[in-house]
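**Student:** Residue numbers (our numbering): 309 to 714. Beta carbons are placed, not taken as given, at the ideal position from N, Cα and C, and that holds for glycine. This is the structure I have questions about; it appears just below.
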């Protein structure tokens with residue numbers, strides 16, 4: 309019905325333009341033609357705002373015209389299923405939902421996971437290109453392998469988008485969809501400071517853990533939280549006990565923390581860069597019978613385990629990255645590029661510096677939120693992205709009730 313109305317409206321506008329032109333003459337005729345052409349061109353490109361992508365995916369319906377106009381398949385390459393639960397729980401299903409809400413059929417997009425293998429991702433990329441992909445969204449395992457995939461794709465006329473992680477060293481004219489990851493790290497650092505005060509941690513001795521050194525996002529997160537915490541270390545308010553090399557692998561994070569905790573039993577707070585690593589650290593704390601609300605940890609991704617650990621008093625908070633927003637923004641950008649359209653400034657709202665090639669990469673940023681016990685109902689629970697029973701089922705029911713959740 310909507311497409312019929314659009315055609316009727318288009319015919320009406322065309323007839324109006326004819327009468328206007330007939331009533332005018334000389335140079336005015338040329339001016340009216342130019343104005344009509346400009347309005348038609350502007351009206352044919354829908355406007356999407358990265359700051360206002362709702363949980364119901366309704367904005368994606370604006371892009372159905374682009375979906376019908378575009379050519380080729382959109383290929384999505386996700387890295388693994390272990391470094392974060394988000395790729396299975398959020399990214400893959402929400403990208404699918406975004407593409408379909410915009411009108412793509414199942415043969416017009418393809419979502420793959422490399423399961424931690426760079427060679428598998430390379431093979432998936434080549435298969436997508438062979439199958440006629442016109443756009444690739446790439447969340448690489450490391451910048452080097454990601455840049456190699458992107459360079460080969462561009463050489464074959466395929467548009468490329470860095471998804472979530474910046475592919476340092478990639479082509480200059482690519483796009484990047486993520487969050488302001490320095491801001492994500494800043495929220496983690498500020499959350500730690502607030503939690504140390506709220507939990508009355510005397511003489512804070514912090515272990516600062518990070519994500520994998522091969523991940524550019526991990527560097528940006530660290531830039532954010534170190535910017536908050538370093539002044540505390542410098543003036544002696546906090547003591548920095550150490551900073552292990554960094555990993556996104558929870559078992560490795562647990563081992564790193566246990567080694568540090570054994571060597572430095574005075575550690576009483578840990579900056580952990582995501583919920584899965586925090587959960588690994590908390591498992592060690594529980595084994596050592598550390599009491600709730602005494603030993604702050606941090607996180608991001610608003611994973612069910614992270615939210616549960618917050619309610620139990622073992623994690624201060626988590627960065628809720630509106631998991632439905634980033635997939636919608638990426639799908640929208642891919643649809644503009646697939647249709648050969650320049651995306652609007654309301655979508656491409658920033659630039660990100662690629663220091664490897666000394667270039668600013670056109671970027672789409674969505675907004676992160678720090679979630680604690682106090683605002684969980686008004687953020688994660690209200691959005692209902694995670695079913696309540698995944699947070700408050702079983703033994704957690706009483707914990708949720710005690711915290712007023714649900």
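Taking the Cβ atom as the reference point for each residue, do residue 589 and residue 580 lie within a distance shorter than 8 Å?
**Tutor:** For residue 589 and residue 580, yes; Cβs fall inside 8 Å.
**Student:** Please state whether the Cβ-Cβ distance between residue 444 and residue 383 is less than 8 Å.
**Tutor:** Against a cut-off of 8 Å, the Cβ pair of residue 383 and residue 444 comes out as a contact.
**Student:** Report all residues from its chain with a CB closer than 8 Å to the CB of residue 345; omit the five preceding and five following residues, and keep chain order.
**Tutor:** Because residue 345 sits at a pLDDT of 34, beneath the cut-off of 50, its placement in the model cannot be relied upon, and the following sentence gives the value as read from the coordinates. Answer for residue 345: no residue qualifies.
**Student:** Are the CB atoms of residue 358 and residue 655 nearer to each other than 8 Å?
**Tutor:** In this structure, residue 655 lies closer than 8 Å to residue 358 by Cβ.
**Student:** Taking residue 385 and residue 481 to be in contact with their CB atoms under 8 Å, please state how far apart those CB atoms are, rounded to whole angstroms.
**Tutor:** Between residue 481 and residue 385 the Cβ distance is about 19 Å, and since that is not below 8 Å, they are no contact.
**Student:** Assign residue 269 to buried or exposed, taking buried as 16 or more other Cβ atoms, counted over all protein chains shown, within 10 Å of its Cβ.
**Tutor:** Because the chain in this structure spans residues 309 to 714, residue 269 falls outside the shown range and cannot be described.
**Student:** If you drop the 5 nearest sequence neighbours on each side, which residues of the same chain put their C-beta closer than 6 Å to that of residue 349?
**Tutor:** Confidence in residue 349 is poor, its pLDDT being 38 and thus under 50, which makes the residue's placement unreliable; the coordinate value appears in the next sentence. Nothing meets the Cβ criterion.
**Student:** Runs of 3 residues minimum, wholly inside the segment 543 to 609: which ones carry the beta strand (DSSP E) assignment?
**Tutor:** Entirely contained in the segment 543 to 609, the beta strand (DSSP E) runs reaching 3 residues are, in chain order, 547 to 550, 577 to 579.
**Student:** By the 10 Å Cβ neighbour count, where 16 or more other Cβ atoms means buried, how is residue 595 classified, buried or exposed?
**Tutor:** So residue 595 counts as exposed.
**Student:** Would residue 611 and residue 583 be called neighbours here (beta carbons separated by less than 8 Å)?
**Tutor:** Their beta carbons are under 8 Å apart, which means residue 611 touches residue 583 by this criterion.
**Student:** What does DSSP give as the partner residues of residue 693 in its beta bridges?
**Tutor:** Residue 693 pairs with nothing; no bridge assigned.
**Student:** At least one CB of chain C closer than 8 Å to the CB of residue 578: is that the case?
**Tutor:** Checking the listed chains, one finds no chain C in this structure; it contains a single protein chain.
**Student:** How is residue 666 classed by DSSP in three states: helix, strand or coil?
**Tutor:** Note: residue 666 maps to coil in three-state DSSP.
**Student:** Within the chosen definition, does the segment 661 to 677 reach the segment 477 to 492 through at least 3 CB pairs nearer than 8 Å?
**Tutor:** Counting Cβ pairs under 8 Å, three or more are found: they touch.
**Student:** Which term fits residue 545, buried or exposed, when burial requires 16 or more other beta carbons within 10 angstroms of its beta carbon?
**Tutor:** Label assigned to residue 545: exposed.
**Student:** Are the Cβ atoms of residue 640 and residue 381 separated by less than 8 Å?
**Tutor:** Not in contact: residue 640 and residue 381 (Cβ atoms no closer than 8 Å).
**Student:** Which residue comes first and which comes last in the beta strand (DSSP E) that contains residue 418?
**Tutor:** Per DSSP, residue 418 belongs to the beta strand (DSSP E) from 417 to 421.
**Student:** Quick one: is residue 525 buried, meaning 16 or more other Cβ sit within 10 Å of its Cβ, or exposed?
**Tutor:** Residue 525 should be labelled buried.
**Student:** Evaluate residue 539 with the Cβ neighbour count: other Cβ atoms within 10 Å of its Cβ, from every protein chain shown; 16 or more gives buried, anything less gives exposed.
**Tutor:** The residue in question, residue 539, is exposed, as its Cβ has fewer than 16 Cβ neighbours within 10 Å.
**Student:** The alpha helix (DSSP H) spanning residue 438 covers which residue range?
**Tutor:** Taken as a continuous stretch (DSSP letters only), the alpha helix (DSSP H) holding residue 438 covers 426 to 438.
**Student:** Which residues does DSSP list as the beta-bridge partners of residue 470?
**Tutor:** 446, 484.
**Student:** Take residue 412 and list the residues in its own chain whose beta-carbon comes closer than 7 Å to its own, dropping the five residues that flank it on each side.
**Tutor:** Closer than 7 Å at the Cβ level, and outside the excluded window around residue 412, lie 375.
**Student:** What does residue 671 pair with, by DSSP beta-bridge criteria?
**Tutor:** 484, 658, per the DSSP bridge assignment.
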